[in-house]
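**Q**
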Amino acid sequence: MRRMLAPWLAVPFISTVSALGAQVSAPSASERLRALYSEEWDWRRREFQRNDSGGGPTRFADIDPAAQQRRRDYWTRALAQLDSIPYASLSADEQVNYQVFRTSLRADAADIEFGLHETPFNSDTFFWTSFTPRSGFGNASAYRNYLALLRDVPRYFADQTANMRAGIARGFTVPRPSVEGRDQTMVPYLKADSTNPLFTPFLRFPASIDPAEQAALRAEGLQVIREMIAPEYTKLHAFMRNAYLPRARTKIGASTTPNGDAFYKAMIGKFTTLDLTPNQIHDIGLAEVARISEEMETVKAKTGFKGSMQEFMQFLRTDPQFYARTPRELLAYASYVVMKANGKMRETIGFLPRYRHGIVPVAPELAPIYTGGRGGLENCQFNTYNLPARPLYTIAPLALHECTPGHSFQAALAREGPERPPFRRATSFSAYGEGWGLYTEWLGTTMGIYETPYEDFGRLTYEMWRACRLVIDTGIHQFGWTRDQARDYLRKYAALSDHEITTEVDRYIAWPGQALAYKLGELQIRRHRREAEQALGPAFDQRTFHDEILALGSVPLPVLEETMKQFIARGGKARPLH
Numbered sequence: 002m003r004r005m006l007a008p009w010l011a012v013p014f015i016s017t018v019s020a021l022g023a024q025v026s027a028p029s030a031s032e033r034l035r036a037l038y039s040e041e042w043d044w045r046r047r048e049f050q051r052n053d054s055g056g057g058p059t060r061f062a063d064i065d066p067a068a069q070q071r072r073r074d075y076w077t078r079a080l081a082q083l084d085s086i087p088y089a090s091l092s093a094d095e096q097v098n099y100q101v102f103r104t105s106l107r108a109d110a111a112d113i114e115f116g117l118h119e120t121p122f123n124s125d126t127f128f129w130t131s132f133t134p135r136s137g138f139g140n141a142s143a144y145r146n147y148l149a150l151l152r153d154v155p156r157y158f159a160d161q162t163a164n165m166r167a168g169i170a171r172g173f174t175v176p177r178p179s180v181e182g183r184d185q186t187m188v189p190y191l192k193a194d195s196t197n198p199l200f201t202p203f204l205r206f207p208a209s210i211d212p213a214e215q216a217a218l219r220a221e222g223l224q225v226i227r228e229m230i231a232p233e234y235t236k237l238h239a240f241m242r243n244a245y246l247p248r249a250r251t252k253i254g255a256s257t258t259p260n261g262d263a264f265y266k267a268m269i270g271k272f273t274t275l276d277l278t279p280n281q282i283h284d285i286g287l288a289e290v291a292r293i294s295e296e297m298e299t300v301k302a303k304t305g306f307k308g309s310m311q312e313f314m315q316f317l318r319t320d321p322q323f324y325a326r327t328p329r330e331l332l333a334y335a336s337y338v339v340m341k342a343n344g345k346m347r348e349t350i351g352f353l354p355r356y357r358h359g360i361v362p363v364a365p366e367l368a369p370i371y372t373g374g375r376g377g378l379e380n381c382q383f384n385t386y387n388l389p390a391r392p393l394y395t396i397a398p399l400a401l402h403e404c405t406p407g408h409s410f411q412a413a414l415a416r417e418g419p420e421r422p423p424f425r426r427a428t429s430f431s432a433y434g435e436g437w438g439l440y441t442e443w444l445g446t447t448m449g450i451y452e453t454p455y456e457d458f459g460r461l462t463y464e465m466w467r468a469c470r471l472v473i474d475t476g477i478h479q480f481g482w483t484r485d486q487a488r489d490y491l492r493k494y495a496a497l498s499d500h501e502i503t504t505e506v507d508r509y510i511a512w513p514g515q516a517l518a519y520k521l522g523e524l525q526i527r528r529h530r531r532e533a534e535q536a537l538g539p540a541f542d543q544r545t546f547h548d549e550i551l552a553l554g555s556v557p558l559p560v561l562e563e564t565m566k567q568f569i570a571r572g573g574k575a576r577p578l579h
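Mapping of the sequence shown onto the working numbering: residues 2 to 579, in sequence order.
Have a look at this one:
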């Protein structure tokens with residue numbers, strides 16, 4: 002039975018009289034909002050099989066068409082009820098919660114409206130690898146939950162396959178360039194033995210589990226891998242190679258899909274949280290490419306190189322001095338940058354979390370088609386596959402962006418930051434998070450991170466890369482650019498390796514709009530900093546400026562805009578973190 006929202010939320014509020022004749026106050030606007038998002042959060046936890054006990058889920062969330070329609074109906078009703086709440090009557094904190102809640106619900110509903118569940122993977126993120134544990138579990142109960150989850154794989158894969166077939170039927174698939182070769186990521190999972198990645202937790206148990214129970218769990222795990230997992234992955238692998246890839250669309254632009262212009266506009270709104278047209282974004286990108294090109298020429302001159310910019314980029318792409326000889330060398334370089342950043346944090350940010358992340362290589366089964374690095378609470382990952390494609394001069398900005406003070410730092414801060422409703426802790430916006438990540442790359446210039454002109458050129462290369470995304474993403478998805486046209490444009494302006502250029506362009510092809518978030522978010526944060534420095538003069542303190550942004554948590558960019566106006570009006574004093 003579908004669980005409805007509390008009926009009283011759907012009607013106007015009036016004062017009522019109890020049976021004893023006493024006046025009962027109507028709920029305030031803030032109380033109505035809290036009831037609505039709390040109800041939705043409880044529903045969401047059930048709907049998506051969230052298990053907050055630490056034991057892990059025992060089944061995958063439903064993904065069939067009926068489940069998609071159920072969610073869309075729920076969120077549509079919730080949005081209508083949200084509209085009935087008078088925004089101006091909310092407290093300041095609840096106004097932020099309102100905007101976060103509304104923006105996230107609209108994005109969730111739009112995903113279903115445009116059938117995103119029919120394309121359940123992109124060029125480097127896959128539903129068939131996303132639940133792979135990297136280590137063991139803490140207790141026997143968690144192992145049993147994991148075994149139950151593995152037994153649900155046949156149903157889950159069957160529903161994913163049915164959704165993909167529906168996408169094929171209406172011409173809505175992942176574009177072919179972003180499908181080709183991705184079946185290789187399944188190959189390790191075809192093994193019906195202890196080398197299967199999903200068997201990893203059974204290779205190491207905590208000492209608290211009795212040895213006899215360990216042996217029983219290990220035997221059961223191997224049986225499930227042999228009898229259920231390997232056969233299901235074999236079936237999925239055959240489907241991807243023989244049915245999906247041959248029918249994957251060859252036109253790569255989002256605008257060429259059913260209702261494509263509206264789809265791309267919705268994805269722009271989802272990832273940027275701004276009301277911008279593809280033309281406006283394209284023009285912003287062109288202007289940024291021109292500006293950064295001038296800075297690159299200045300930095301190139303500092304190296305003493307006498308040739309053209311294209312010759313300089315070729316030199317950077319091919320000279321052995323710029324490349325690690327071993328994975329350990331690359332990881333050590335990244336570790337040095339992170340430790341150097343840690344030494345500057347007390348001068349950069351006021352509130353510093355206690356939690357610390359590690360640095361690890363990207364898992365080998367993903368590395369060939371994965372990005373150069375990715376941040377996370379537990380670890381910050383660096384890609385050590387194909388070292389001749391991983392220039393060291395871009396490791397510094399990558400480490401700042403993904404590790405500290407970028408995404409891993411943000412994740413740690415979120416654990417120790419101000420109390421927020423549970424739905425806020427599970428809600429993130431790309432333009433805020435990726436905007437901060439790109440901003441920290443520039444911030445490295447004030448922290449003394451870049452030690453050579455080559456490293457500074459690497460920073461500019463990464464900034465140019467994100468500026469090019471504005472041009473390329475809109476070029477592909479609105480203006481009919483080809484894959485080769487996109488790669489040539491990125492190769493012309495950014496000193497990235499050909500391997501990185503190809504994996505990046507294929508990511509933009511498969512994920513319309515996401516690539517726009519980085520530069521648009523960073524541009525807004527940089528603008529807010531200039532405004533604060535100009536308005537506050539000597540009273541400006543970058544530590545309180547950064548605390549104000551980070552204490553806010555992930556929000557749509559219009560919320561950040563209003564918050565920074567208030568920060569300046571308060572004379573540059575940050576809101577308390579606790």
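Note that beta-carbon positions come from the ideal geometry of N, C-alpha and C, so glycine has one too.
Compute the Euclidean distance between the alpha carbons of Asp43 and Gln50, then round it to the nearest angstrom.
**A** Against the sequence shown, residue 43 aligns to sequence position 42. Against the sequence shown, residue 50 aligns to sequence position 49. The alpha-carbon atoms of Asp43 and Gln50 are separated by roughly 11 Å.
**Q** Ordered along the chain, which non-local residues of its own chain (more than five positions away) have a Cβ less than 7 Å from that of Leu287?
**A** For the purposes of this step, residue 287 is taken as residue 286 along the sequence shown, with counting starting at 1. The answer, listed in chain order, is Val472.
**Q** When DSSP labels each residue in this structure, what does Cys404 get in the three-state scheme?
**A** For the purposes of this step, residue 404 is identified with residue 403 of the sequence shown, where counting begins at 1. Cys404: coil per DSSP, three-state reduction.
**Q** Could you pull the DSSP bridge partners for Val361 from this structure?
**A** As a working note, residue 361 is residue 360 in the sequence shown. Paired residue(s): Gln382.
**Q** Out of Tyr519, Glu562 and Ser555, point me to the one whose CA is closest to Glu532's CA.
**A** Walking along the sequence shown from the start, residue 532 turns up at place 531. The candidate whose alpha carbon is nearest that of Glu532 is Glu562.
**Q** Alpha carbons only, please: which of Arg357, Phe352, Asp320 and Leu317 is nearest the one belonging to Ser336?
**A** As a position in the sequence shown, residue 336 is number 335, starting the count at 1. Checked all of Arg357, Phe352, Asp320 and Leu317; the closest Cα to Ser336 is Arg357.
**Q** Determine the extent of the alpha helix (DSSP H) in which Ala217 is found, giving its start and end residues.
**A** Locating residue 217 in the sequence shown gives position 216, where the first residue counts as 1. That run of the alpha helix (DSSP H) goes Pro212 to Val225.
**Q** What residue does the alpha helix (DSSP H) around Phe272 start on, and which one ends it?
**A** Locating residue 272 in the sequence shown gives position 271, where the first residue counts as 1. Here the alpha helix (DSSP H) through Phe272 covers Gly261 to Thr273.
**Q** Could you check the C-alpha separation between Ile64 and Phe264 for me, to the nearest Å?
**A** Indexing the sequence shown from 1 puts residue 64 at position 63. Indexing the sequence shown from 1 puts residue 264 at position 263. Each residue's Cα considered, the two are about 20 Å apart.
**Q** Taking the alpha helix (DSSP H) that Arg145 belongs to, which residues open and close that run?
**A** By one-based count along the sequence shown, residue 145 stands at place 144. Run containing Arg145: Ala141 to Arg152, per the alpha helix (DSSP H) assignment.
**Q** Within the segment 521-576, note down every full alpha helix (DSSP H) run reaching 4 residues or more, in order along the chain.
**A** DSSP runs (the alpha helix (DSSP H)) wholly in the segment 521-576: 543-553 and 558-570.
**Q** Taking just the CA atoms, how far does Ala108 sit from Arg355?
**A** As a working note, residue 355 is residue 354 in the sequence shown. As a working note, residue 108 is residue 107 in the sequence shown. Between Arg355 and Ala108, the C-alpha separation is close to 33 Å.
**Q** Taking Cβ positions, are Lys301 and Phe458 nearer each other than 8 Å?
**A** The sequence position of residue 301 within the sequence shown is 300, counting from 1. The sequence position of residue 458 within the sequence shown is 457, counting from 1. Yes, these two residues count as a Cβ contact at 8 Å.
**Q** Do Thr319 and Pro454 have their CB atoms nearer than 8 Å?
**A** If you number the sequence shown from 1, residue 319 lands on position 318. If you number the sequence shown from 1, residue 454 lands on position 453. No, these two residues do not count as a Cβ contact at 8 Å.
**Q** Could you tell me if Gly22 is buried or exposed, where buried requires 16 or more neighbouring beta carbons within 10 angstroms of its beta carbon?
**A** Taking the first residue of the sequence shown as 1, we reach residue 22 at position 21. Because Gly22 carries a pLDDT of 48, less than 50, the predicted location of this residue cannot be relied on, and the following value inherits that uncertainty. Gly22 comes out exposed.
**Q** Leaving out five residues before and five after Leu353 in sequence, what residues of the same chain have Cβ atoms less than 8 Å from its Cβ?
**A** Sequence index remark: in the sequence shown, residue 353 carries index 352 (1-based). Counting only Cβ-Cβ distances below 8 Å, and skipping sequence neighbours, we find Met346 and Arg347.
**Q** With a cut-off of 8 Å, do at least 3 Cβ pairs link the segment 357-375 to the segment 416-434?
**A** Verdict: no, contact absent.
**Q** Scan the segment 62-140 and note each continuous alpha helix (DSSP H) run of 4 residues or more that stays entirely inside, going in chain order.
**A** Complete alpha helix (DSSP H) runs here, min 4: 66-84 and 93-114.
**Q** Grouping DSSP H, G and I as helix and E and B as strand, with all else coil, what is Gly374?
**A** If you number the sequence shown from 1, residue 374 lands on position 373. Strand at Gly374.
**Q** Quick check: Phe115 and Ala267, are their CB atoms within less than 8 Å of each other?
**A** Against the sequence shown, residue 115 aligns to sequence position 114. Against the sequence shown, residue 267 aligns to sequence position 266. For Phe115 and Ala267, yes; Cβs fall inside 8 Å.
**Q** Nearest CA to the CA of Arg508: which residue from Met297, Pro328 and Val180?
**A** Stepping through the sequence shown from its first residue, residue 508 is reached at position 507. With distances taken between Cα atoms, Arg508 lies closest to Val180.
**Q** Look at the alpha carbon of Gln70 and the alpha carbon of Ile113, and state the distance between them as a whole number of angstroms.
**A** Locating residue 70 in the sequence shown gives position 69, where the first residue counts as 1. Locating residue 113 in the sequence shown gives position 112, where the first residue counts as 1. For Gln70 and Ile113, the distance between alpha carbons rounds to 8 Å.
**Q** Could you check the C-alpha separation between Ser19 and Ile526 for me, to the nearest Å?
**A** Here residue 19 corresponds to residue number 18 of the sequence shown, with the count starting at 1. Here residue 526 corresponds to residue number 525 of the sequence shown, with the count starting at 1. Model confidence at Ser19 stands at a pLDDT of 45, short of 50, so the residue's coordinates are unreliable; what they give is reported in the following sentence. Distance between the alpha carbons of Ser19 and Ile526: 52 Å.
**Q** Over what stretch of residues does the alpha helix (DSSP H) that includes Val472 continue unbroken?
**A** Counting from one through the sequence shown, the residue named residue 472 turns up at place 471. Taken as a continuous stretch (DSSP letters only), the alpha helix (DSSP H) holding Val472 covers Pro454 to His478.
**Q** So who's on the other strand from Tyr324, going by DSSP bridges?
**A** Indexing the sequence shown from 1 puts residue 324 at position 323. Answer by DSSP bridge pairing, in chain order: Pro392.
**Q** Measuring only the C-alpha atoms, how far is Ile269 from Pro259?
**A** The residue you call residue 269 lines up with position 268 of the sequence shown. The residue you call residue 259 lines up with position 258 of the sequence shown. When rounded, the distance between both Cα atoms is 17 Å.
**Q** Please classify Arg460: is it buried, with 16 or more other beta-carbons within 10 angstroms of its beta-carbon, or exposed?
**A** The residue you call residue 460 lines up with position 459 of the sequence shown. The residue in question, Arg460, is buried, as its Cβ has 16 or more Cβ neighbours within 10 Å.
**Q** Considering only residues of the same chain and omitting the five flanking positions on each side of Ile293, which have a CB-CB separation below 7 Å?
**A** In the sequence shown, the residue the question calls residue 293 occupies position 292. Cβ within range, chain order: Leu461, Glu464, Met465 and Ala468.
**Q** With DSSP run on the structure shown, which of helix, strand or coil describes Ser195?
**A** Here residue 195 corresponds to residue number 194 of the sequence shown, with the count starting at 1. Here Ser195 sits in coil by DSSP.
**Q** Would you identify the three-state DSSP class for Gly481, choosing helix, strand or coil?
**A** Translated into positions along the sequence shown, residue 481 becomes position 480. Of the three classes helix, strand and coil, the one that applies to Gly481 here is coil, per DSSP.
**Q** Going straight from the alpha carbon of His500 to that of Ala79, what length do you get?
**A** Working through the sequence shown from its first residue, we reach residue 500 at position 499. Working through the sequence shown from its first residue, we reach residue 79 at position 78. Cα-Cα distance, rounded: 45 Å.
**Q** Taking the alpha helix (DSSP H) that Ile293 falls in, what are its first and last residues?
**A** Here the question's residue 293 lines up with position 292 in the sequence shown. It spans Pro279 to Thr304 - the alpha helix (DSSP H) in which Ile293 sits, taken as one unbroken run.
**Q** For Asn369, which residues of its own chain have a beta-carbon under 6 Å away from its beta-carbon, when the five flanking residues on both sides are left out?
**A** Along the sequence shown, one-based indexing puts residue 369 at 368. Here residue 369 turns out to be Pro, not Asn, going by the sequence shown. Cβ within range, chain order: Tyr386.
**Q** Any contact between the segment 513-530 and the segment 425-440? By contact I mean 3 or more CB pairs, one from each, below 8 Å.
**A** Yes, the segment 513-530 is in contact with the segment 425-440.
**Q** Which residue marks the beginning of the alpha helix (DSSP H) containing Leu367, and which one marks its end?
**A** As a working mapping, residue 367 is identified with position 366 in the sequence shown. Looking at the DSSP string, Leu367 is not in any alpha helix (DSSP H), and its letter there is neither H nor E.
**Q** For Arg242, which of Thr186, Asp548, Ala30 and Met565 has the nearest alpha-carbon?
**A** Taking the sequence shown and counting its residues from 1, the one referred to as residue 242 is at position 241. The option with the nearest alpha carbon to Arg242 is Thr186.
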